[in-house]
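Down below is the structure, laid out as structure tokens.
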């Protein structure tokens with residue numbers, strides 16, 4: 150029998166409503182991506198609930214990576230850090246005298262990735278399912294600075310014309326907004342769920358130092374012009390991020406209403 154669809158499983162468990170499922174499916178049709186991660190990004194489903202649902206759907210055991218502080222070097226060496234990052238996977242342990250490698254993956258159903266890991270590790274692979282953020286935290290502990298764990302949680306980069314990173318992650322957007330003309334290539338991260346819900350409304354806390362001979366009317370006009378430019382730049386940034394699928398317009402508007 151074919152496996153039950155994730156949406157149907159979640160409906161049956163009453164973890165989501167039909168309206169929430171339709172909303173998530175609409176986002177999936179519009180932007181692509183995996184349904185479970187879209188539900189998490191839309192704050193409809195927690196990552197823990199998603200992991201439990203995937204475990205049941207795929208008949209793959211779930212693992213709590215937060216209880217594992219590290220793995221021995223010979224286990225870590227079975228899965229190179231770049232491959233771990235690309236495949237959203239971390240090694241957990243070796244069994245059967247080194248003949249079996251247990252690997253936690255966000256997408257254990259990806260047969261191609263499992264086969265590649267098997268070829269590189271040269272041993273049998275037993276997969277377990279874990280959430281993307283849990284894998285990102287484990288990656289930081291297991292690989293001890295060999296890579297940037299922020300890439301595992303769906304971070305993205307904004308670069309300038311010279312290729313220098315202007316914004317590394319979502320939290321930096323409010324601190325350093327890019328100009329309207331800046332290109333926004335997504336970071337080469339496979340962990341597709343980039344949830345950015347903390348983009349603020351245009352700030353009104355703009356202080357303009359008065360220039361020599363500038364009267365009250367000119368000062369007010371200068372402040373208003375600065376506010377308009379700042380608002381236009383931030384609006385352009387938000388529109389670009391929406392077009393790139395970082396978050397939806399509904400998510401942004403919902404955040405503003407809080």
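Numbering (our numbering), first residue to last: 150 to 407. All C-beta atoms in this analysis are idealised placements derived from N, C-alpha and C, irrespective of residue type, glycine included.
*Under 8 Å, do residue 247 and residue 291 count as touching if we go by C-beta distance?*
To locate residue 247, count along the chain shown from 1; it is residue 98. To locate residue 291, count along the chain shown from 1; it is residue 142. In terms of Cβ geometry, residue 247 and residue 291 do not form a close pair [threshold 8 Å].
*Straight-line Cα distance separating residue 222 from residue 172*: For this step, residue 172 is matched to residue 23 along the chain shown. For this step, residue 222 is matched to residue 73 along the chain shown. Looking at the two C-alpha atoms, the distance is approximately 44 Å.
*asked:* Between residue 217 and residue 200, how many whole angstroms is the CB-CB distance? I'm expecting something under 8 Å.
replied: Numbered from its first residue, the chain shown carries residue 217 at position 68. Numbered from its first residue, the chain shown carries residue 200 at position 51. Between residue 217 and residue 200 the beta-carbon gap is near 15 Å, outside 8 Å, which marks them as no contact.
*residue 274 to residue 385 span [Cα, whole Å]*: For this step, residue 274 is matched to residue 125 along the chain shown. For this step, residue 385 is matched to residue 236 along the chain shown. Approximately 46 Å, taken between the alpha carbons.
*Kindly indicate which three-state DSSP category residue 187 falls into: helix, strand or coil?*
As a working mapping, residue 187 is identified with position 38 in the chain shown. Helix, per DSSP.
_Assuming the contact rule is C-beta atoms closer than 8 Å, residue 400 and residue 191 should be a hit. Round their C-beta distance to whole Å, please._
Indexing the chain shown from 1 puts residue 400 at position 251. Indexing the chain shown from 1 puts residue 191 at position 42. With a Cβ gap of about 7 Å, residue 400 and residue 191 count as contacting.
*Cβ atoms of residue 227 and residue 270: under 8 Å apart, would you say?*
Taking the first residue of the chain shown as position 1, residue 270 is located at position 121. Taking the first residue of the chain shown as position 1, residue 227 is located at position 78. Cβ distance < 8 Å, so residue 270 and residue 227 count as in contact.
*Pick helix, strand or coil for residue 243, following the three-state DSSP scheme.*
Taking the chain shown and counting its residues from 1, one reaches residue 243 at position 94. Strand.
*asked:* What would DSSP say about residue 404, mapped onto helix, strand or coil?
replied: Position 255 of the chain shown, counted from the start, is the residue given in the question as residue 404. Here residue 404 sits in helix by DSSP.
_From the DSSP secondary-structure annotation, give me the bridge partner or partners of residue 254._
The sequence position of residue 254 within the chain shown is 105, counting from 1. In DSSP, residue 254 forms a bridge with 238, 278.
_Spatial neighbours of residue 263 within its chain, please: C-beta separation below 7 Å, excluding the five flanking residues on both sides._
Taking the first residue of the chain shown as 1, we reach residue 263 at position 114. Answer for residue 263: 274, 276, listed in chain order.
*What is the DSSP secondary structure of residue 249, reduced to helix, strand or coil?*
Here residue 249 is taken as the residue at index 100 of the chain shown, counted from 1. Residue 249 falls in the strand class under three-state DSSP.
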